[in-house]
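A quick write-up on the structure given underneath.
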Amino acid sequence: MVKEKYGDKQILKDIFSKSLELADPAKKIEKIKFDPPVGRLFFVAVGKGAGRLANSFKKTYPRKADGFVVIPENEKCYDLGFEVIKATHPIPSKRGLDASLKILNAISKLGKDDLLIFCISGGASALLPLPPEGFALEDEIQLNKILLGSGLSIKEMNLYRGVFSQIKGGKLALAAYPCPIINLVVSDIPGGDLSLVGSGPTFVPEMNRTITSDLDFGPNINKFFLENKKKLIPLGDQDTTVLKSVCIGSSALLLDSMRDYIEKKYEFNHLLLSSEFEGDAASLARFHASI
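Position 226 of the sequence shown, counting from 1, maps to 226 under this note's numbering, and the rest follow consecutively.
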C-alpha cells in the first residue's frame, strides 16, 4: 500500500517528473566511458536533440574529437568544436544534402586506428538526404512527400528510405570501413529495431529486407525499386566493424524503468500495455481509455 503522505496529485506529478528524467538520453551518454583510440576520434550526431547529445558526449569525453552535429533548423547547439549544420525536417533540403556529402567524405578517410562514434535519433532520415546515383535531391523530396502521406508505419517508410540512398541502410558503415564504429541510438521505432532509426546509416542488415507495399513514386523511382529487388546482395557479408550499438533511449526502456520505480516507491499493482503501439494518437488514446 502507498504511504498516506502521498496524495494522488503528488503521485501523478512525481511519476511524470521521474519519467522525464529517466527518458533523457543525454544523461545516459554521460554515464558511458569512451576509451580514446590510437588515432582520431570522430563524432557524428544527427537528429532531433542531437545538440544536447553532443554536449553530453563532450562532458564525458573532454579529449580532442572532430566531427559534425546535424540538427533541425529550429534547434541549437553549443560551440563544442564540431561543425554544426542545420537542415530541414520532415522534408529534406540542400543543407541536408551538403551535410551528407561532408560526413560521407570525412568518414571515408578514417582508418582502422580511428574510432567513429555515431549518435542518431529520430528525424535523421530527413536531415541526411543523399539519393542514389542518377537521381537528384528533388527525387528524394518527392519520395518523402509520398511516404509521409502514405499511411505507412515509420518502419515501412524507413525501409524505402534506406534503399533509396547512398548513405542510409548501412552504406555509411561500409564507407567507414575499416574504422570501428560505436552506435548510440535514441529509438523512435516501435519494437526497438535500432537498425531502422534514421534509416540506419551505420547498421548493415544481416539480410535484405523486402518492401511489400506498392506505392507509386513515378516511373523513374518505381523502376529503381524494381531493379533493386532483382539484384539483391548478401549485405551481411560486406565489411564493417561495428564494435557495439547502445540504445540510449526508447519507449521500452522508459516503461521498464518507470515500472521498476513505481513498484519500488509506491508498491502499486500495474498494467504495462505495450511499448509497440503505433498509429493515430487520438485513436490510441481512446483505446487506452476504454481498457
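Note that beta-carbon positions come from the ideal geometry of N, C-alpha and C, so glycine has one too.
For the 7 Å CB-CB criterion, T202 and N183 form a contact.
The beta carbons of A54 and A65 sit no closer together than 7 Å. Here the alpha carbon of L226 sits roughly 35 Å from the alpha carbon of L284. Within the segment 165-222, the alpha helix (DSSP H) runs of at least 4 residues that lie entirely inside it are, in chain order, 171-176.
In this structure, DSSP gives E83 an extended state, which the three-state scheme calls strand. Its chain contains no residue whose beta carbon lies nearer than 6 Å to that of D280 once the 5 sequence neighbours on both sides are disregarded. Residue E278 holds the alpha-carbon nearest to the alpha-carbon of D188 among E278, V84, S19, L12. In the DSSP assignment, L41 falls outside any alpha helix (DSSP H) and lies within the beta strand (DSSP E) extending over 41-46. Among the bridge pairs identified by DSSP, S245 is matched with N183.
If you look at F118, you'll find it in the beta strand (DSSP E) that goes 115-120.
When DSSP states are grouped into helix, strand and coil, G96 belongs to the helix group. Proximity to R52 across I71, L128, G134, K94 peaks at I71, based on C-alpha coordinates.
A residue is called buried when at least 16 other Cβ atoms come within 10 angstroms of its Cβ; H270 does not meet this threshold and is exposed.
Approximately 11 Å separates the beta-carbon atoms of F164 and E133; this is outside 8 Å, ruling out the contact. In the displayed model, F68 falls within a strand according to three-state DSSP.
Distances from the CA of K229 to each of I262, L159, P180, C179 were compared; the closest alpha carbon is that of L159. Within the model, the alpha-carbon separation for R259 versus S195 is close to 26 Å. Where S283 is concerned, the enclosing alpha helix (DSSP H) starts and stops at 281-290. Of the other Cβ atoms in all chains shown, 16 or more fall within 10 Å of the Cβ of T240; this residue is therefore buried. Each residue's CA atom was taken as its position, placing I32 and V186 some 15 Å apart. Straight across, the Cα-Cα distance linking L147 with G249 is about 25 Å.
Counting other Cβ atoms within 10 Å of its Cβ, Y61 reaches 16 or more and is therefore classed as buried. Taking a 10 Å sphere around the C-beta of N220, we find fewer than 16 other C-beta atoms and assign the residue as exposed. Between L101 and L130 a beta carbon distance of about 7 Å is seen, short of the 8 Å cut, so the two are scored as contacting.
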